[in-house]
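J.: This structure is in structure tokens; I'll ask about it shortly.
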Amino acid sequence: MPDAIAETLTHAAPGHPFDPLTPDEIRRASAAVRAAHDLGPGMMFETVSLHEPDKSVVKDFRAGASFPREAFVCAFDRTNGQVWEARVDLLADKVVDWRHVPGVRPRILFDDITLVGEVARADPRFREALARRGITDIENVQVDPWSAGNYGLPDEEGRRLSHTFCWYRSEKNDNGYAHPIEGLCAVVDLDRAEVLRVDDYGVADVPRLDRNYAARYRSVFRDDVKPLEIVQPAGPSFVVEGNEVRWQKWRFRVGFNAREGLVLHAIGYEDDGRLRSVLHRAALSEMVVPYGHPGGGHFRKNAFDVGEYGIGVLANSLTLGCDCLGAIRYFDAWLADSKGDPYCIESAVCLHEEDFGILWKHTDLFTGEVDVRRARRLVVSSISTIGNYEYGSFWYFHQDGSIHFEMKATGIMNTAGLRPGEAPDYGTIVSPGVYAHYHQHVFNMRLDVAVDGERNRVVEVDTVALPMGADNPYGNAFTTRATVLATEQGAQRNVDFNAARFWKIESAEARNGLGQPTAYKLLPLSPIPTFSHPQSMVTRRAAFMTRQLWVTAYHPEELYAAGRYPNQSSGGDGLPAWTESDRPLVDTDVVVWHSFGLHHIPRPEDFPVQPVITAGFALHPTGFFTENPALDVPPSASRMSCCVD
Ligand code: CU
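My numbering puts the first residue of the sequence shown at 6, with every later residue one more than the last.
Right, here's the structure in full:
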């Protein structure tokens with residue numbers, strides 16, 4: 006097998022109900038909608054993606070058999086702001102559902118990103134504000150298209166907007182974030198392609214010190230980095246068939262869409278010839294980045310990068326040797342542009358194996374005999390560039406049955422200009438006159454769990470210290486207390502450091518060889534508290550961030566923690582709305598939503614480009630097996646020379 010195969014999996018006809026739409030299907034879905042419900046010259050396609058099939062379709066699916074195939078389409082009319090949703094039967098090329106969705110805004114499209122800068126730079130009010138700051142070379146002004154949020158301003162009502170911040174580039178490739186143009190925000194109407202308003206919060210000097218990080222600006226590099234080659238002479242240990250991945254005992258399917266980016270389906274573990282389900286579907290449902298500065302236009306900074314932009318749309322084409330090392334299998338992603346036409350992000354998803362240190366080891370104290378196994382993990386990853394930041398979604402599958410998710414955040418921190426004499430109360434100075442505001446990155450992962458079947462329950466496990474007394478004379482006793490999370494209202498939980506809390510997802514029926522319910526444990530590795538006021542607009546719109554755990558009864562339309570249309574939303578959608586009816590959760594099909602994040606008090610070392618910082622969680626088998634499932638991992642070939650006298 007060659008080192009890398011860039012595989013265009015979705016060119017062919019779909020082979021499985023979970024396969025993302027093929028380019029042909031994207032084209033046919035848009036054409037069917039246009040034919041039946043043409044919105045005219047202002048028609049834009051927000052989304053053309055797979056309408057995922059009912060679980061029964063997947064359960065009954067046999068390779069080679071036919072299966073229903075539907076597309077979800079969201080289109081809108083730029084001339085009146087109306088948003089429409091369609092479902093298209095792709096076997097009949099027919100729109101089977103068409104409905105107007107009142108009072109919502111589609112997300113910011115790829116087209117809007119360039120439009121915002123062009124519109125702002127052409128506006129006389131924006132140019133005047135720049136001139137007041139001594140900037141007349143308009144072409145060097147970088148305008149970032151932030152989402153606008155919803156602050157109840159009457160002139161913004163009913164419009165699809167971007168609220169911008171701007172920077173100055175001393176030349177084309179210069180790092181503009183070293184030169185914030187402080188206090189200047191244009192509010193751009195995306196559908197009318199005009200500046201609605203220029204908010205000028207007062208002139209400040211533009212910091213001029215260049216802070217470039219790119220290789221093109223650097224002539225001196227450390228000279229002691231020797232080659233490190235990853236060699237897999239017999240090829241990697243995974244097998245990819247269509248979108249299905251098989252590695253060690255793991256089985257899953259790779260999916261991808263514009264909004265969530267990487268989606269994993271049907272994650273299962275082959276145990277003694279039997280495929281046992283763990284997760285039906287796993288995807289990043291939403292994220293939000295609230296910033297802590299109350300002034301200027303900065304109070305509006307809280308991007309919902311999944312729902313307002315789409316981390317799939319903004320995915321990178323990954324490159325061998327740079328993003329990924331070793332024997333790589335890439336997956337291309339086919340998405341729809343605003344006209345509903347298909348386009349490809351080549352190598353959007355990377356699959357490879359990594360050495361992961363030791364898997365387990367013991368030296369017999371009395372005989373000196375050593376037994377050690379090396380661990381390797383399978384990595385499925387995708388990296389998205391969202392304005393100044395990069396987000397890398399990394400799923401890791403381990404040989405001991407555990408799964409680990411890691412979000413890698415890198416790129417350039419968002420910056421602001423510090424006025425002379427101003428104390429950086431809400432940020433850290435990272436360059437003379439430049440500071441980076443305190444902020445958080447809060448992610449929400451939707452885990453449609455299926456531990457040994459669809460019927461699961463979620464149990465909160467606390468560890469408690471017992472009081473000293475007759476039963477605990479030496480004060481050393483501690484034990485666990487398990488509480489079944491019975492309904493949705495009572496299943497909105499936070500971590501408790503003092504209780505070393507974790508949550509277990511148990512099968513309703515299956516028992517291991519010791520008679521225990523088979524289960525996976527959700528280990529919250531990156532819980533963060535929120536600092537936004539409960540009544541703030543950002544907390545109302547991103548209520549998911551106030552709890553590390555939410556559990557809901559499965560519903561196929563409940564996919565996104567802040568609702569399907571978070572852009573400029575007024576809040577309340579998604580998890581808070583769905584859980585109002587307090588549905589029962591015991592021994593039924595449940596969905597676990599985990600919020601986790603990065604509390605980012607910036608460091609000078611995070612600038613001018615930020616080394617990767619990470620947040621994530623782990624899923625550990627907890628009674629899913631009866632013993633260490635990795636006893637059968639063979640000793641490495643070089644064991645005789647490295648491990649034994
Ligand atoms: Cu950050």
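A virtual CB, placed ideally from N, CA and C, is assigned to each residue, including glycine. This structure is a prediction, so every number in the text was calculated from the model and none was measured.
Does the ligand CU have a heavy atom nearer than 6 Å to the CB of histidine 409?
T.: Flag unset: Cβ of histidine 409 not near the ligand CU.
J.: Is it right to say valine 230 is buried, meaning 16 or more other beta carbons lie within 10 angstroms of its own, or is it exposed?
T.: Exposed, since its Cβ has fewer than 16 Cβ neighbours within 10 Å.
J.: Hey, would you say leucine 195 sits closer than 7 Å to arginine 165, going by beta carbons?
T.: In this structure, arginine 165 lies closer than 7 Å to leucine 195 by Cβ.
J.: Helix, strand or coil for serine 61 per DSSP?
T.: The answer is helix: DSSP assigns serine 61 an H, G or I state.
J.: Three or more C-beta pairs under 8 Å: does that hold for the segment 455 to 474 against the segment 278 to 291?
T.: At 8 Å Cβ cutoff, the stretches touch.
J.: At the level of alpha carbons, what is the spacing between proline 7 and glycine 273?
T.: Low local confidence applies: a pLDDT of 41 at proline 7 is under 50, so the model's placement there is unreliable, and no value is given.
J.: Cβ-heavy atom distance between histidine 442 and the ligand CU below 6 Å?
T.: No.
J.: In the structure shown, what three-state DSSP assignment does valine 53 receive?
T.: Residue state, collapsed to three classes: strand.
J.: From Ile235, Val259, Pro232, pick the residue whose C-alpha is nearest to that of valine 244; which is it?
T.: Nearest option by C-alpha distance: Val259.
J.: Ignoring anything shorter than 3 residues, give me the beta strand (DSSP E) runs that lie fully in the segment 268 to 339, in order along the chain.
T.: Here the runs fully enclosed are 279 to 295.
J.: Between tyrosine 443 and isoleucine 606, which are expected to be in contact by the criterion C-beta below 8 Å, what is the C-beta distance as a whole number of angstroms?
T.: At roughly 6 Å, the Cβ-Cβ gap stays under 8 Å, so tyrosine 443 and isoleucine 606 are in contact.
J.: Are the beta-carbon atoms belonging to valine 435 and alanine 428 less than 7 Å from one another?
T.: It is not a contact, given that the beta carbons lie outside the stated cut-off.
J.: Within the same chain, show all residues whose beta-carbon is closer than 7 Å to that of serine 352, passing over the 5 residues directly before and after it, in chain order.
T.: Contacts found: Ala11, Ser322, Leu323, Tyr335, Asp337.
J.: What are the boundary residues of the alpha helix (DSSP H) that includes arginine 126?
T.: Here the alpha helix (DSSP H) through arginine 126 covers 115 to 127.
J.: Would you say the beta carbon of histidine 298 is closer than 6 Å to some non-hydrogen atom of the ligand CU?
T.: False, no ligand heavy atom lies under 6 Å from that Cβ.
J.: With aspartate 149 as the anchor, note down where its beta strand (DSSP E) starts and where it stops.
T.: Here the beta strand (DSSP E) through aspartate 149 covers 146 to 152.
J.: By how many angstroms is the C-alpha of threonine 619 removed from the C-alpha of leucine 490?
T.: One C-alpha to the other measures close to 29 Å.
J.: Scan the segment 418 to 490 and note each continuous beta strand (DSSP E) run of 3 residues or more that stays entirely inside, going in chain order.
T.: As far as the segment 418 to 490 is concerned, its whole beta strand (DSSP E) runs of at least 3 residues are 420 to 422, 432 to 436, 439 to 442, 444 to 454, 460 to 470, 483 to 489.
J.: On the DSSP bridge assignment, give the partners of asparagine 262 in chain order.
T.: Beta-bridge pairing links asparagine 262 to Gly266.
J.: Below 8 Å, can you find three or more Cβ-Cβ pairs linking the segment 77 to 88 to the segment 136 to 144?
T.: In short, these stretches do not touch, since the Cβ pair count stays below three.
J.: With burial defined as no fewer than 16 other Cβ atoms inside 10 Å of the residue's Cβ, what is the status of asparagine 155: buried or exposed?
T.: Burial call: buried.
J.: Whole beta strand (DSSP E) runs in the segment 347 to 387 with 3 or more residues, listed along the chain?
T.: Correct list: 347 to 368.
J.: In the DSSP assignment, what residue or residues form a beta bridge with alanine 620?
T.: DSSP lists Met412 as partners of alanine 620.
J.: Shorter than 6 Å, the distance from the beta carbon of histidine 604 to the closest heavy atom of the ligand CU, or not?
T.: Answer for histidine 604: no, Cβ out of range of the ligand CU.
J.: Would you kindly check if the distance between the Cβ of valine 192 and the Cβ of valine 121 is under 7 Å?
T.: No, the pair does not count as a contact, with Cβ atoms beyond the cut-off.
J.: Check whether the segment 355 to 367 touches the segment 381 to 396, counting contact only when three or more Cβ pairs, one atom from each stretch, lie closer than 8 Å.
T.: Enough Cβ pairs lie closer than 8 Å, so yes.
J.: Check whether the segment 555 to 574 touches the segment 466 to 475, taking contact to mean three or more Cβ pairs, one atom from each stretch, closer than 8 Å.
T.: No, the segment 555 to 574 is not in contact with the segment 466 to 475.
J.: Check whether the segment 508 to 523 and the segment 247 to 267 touch, using three or more Cβ-Cβ pairs below 8 Å as the test.
T.: No, they do not touch.
J.: From aspartate 650 to glycine 373, what distance separates their C-alpha atoms?
T.: Any answer about aspartate 650 is weak, because its pLDDT of 43 lies below 50 and its placement is not dependable; what the coordinates show is given next. Straight-line Cα distance between these residues: approximately 10 Å.
J.: Considering just the uninterrupted stretch of the alpha helix (DSSP H) at histidine 4, what are its terminal residues?
T.: The shown model of the chain, from 6 to 650, leaves out residue 4, and the question about it has no answer.
J.: Is it buried or exposed, phenylalanine 371, if we count other Cβ atoms within 10 angstroms and call 16 or more buried?
T.: It counts as exposed.
J.: With a 10 Å radius around its C-beta and 16 neighbouring C-beta atoms as the bar for buried, classify proline 639 as buried or exposed.
T.: So proline 639 ends up on the exposed side.
J.: Could you check if valine 225 is buried or exposed, using at least 16 other CB atoms within 10 Å of its CB as the buried criterion?
T.: Label assigned to valine 225: exposed.
J.: Classify serine 646: buried if its beta carbon has 16 or more other beta carbons within 10 angstroms, exposed otherwise.
T.: For serine 646, the predicted structure reports a pLDDT of 46, less than 50, and the residue's modelled location is therefore unreliable. The matter cannot be settled from this model.
J.: Return the chain-ordered list of same chain residues with a C-beta closer than 8 Å to the C-beta of glycine 181, the five sequence neighbours on each side being excluded.
T.: Closer than 8 Å at the Cβ level, and outside the excluded window around glycine 181, lie Gln147, Trp172, Tyr173, Arg174.
J.: Excluding the five sequence neighbours on either side, which residues of its own chain have a C-beta within less than 6 Å of the C-beta of aspartate 594, listed in chain order?
T.: Around aspartate 594: Glu459, Tyr559.
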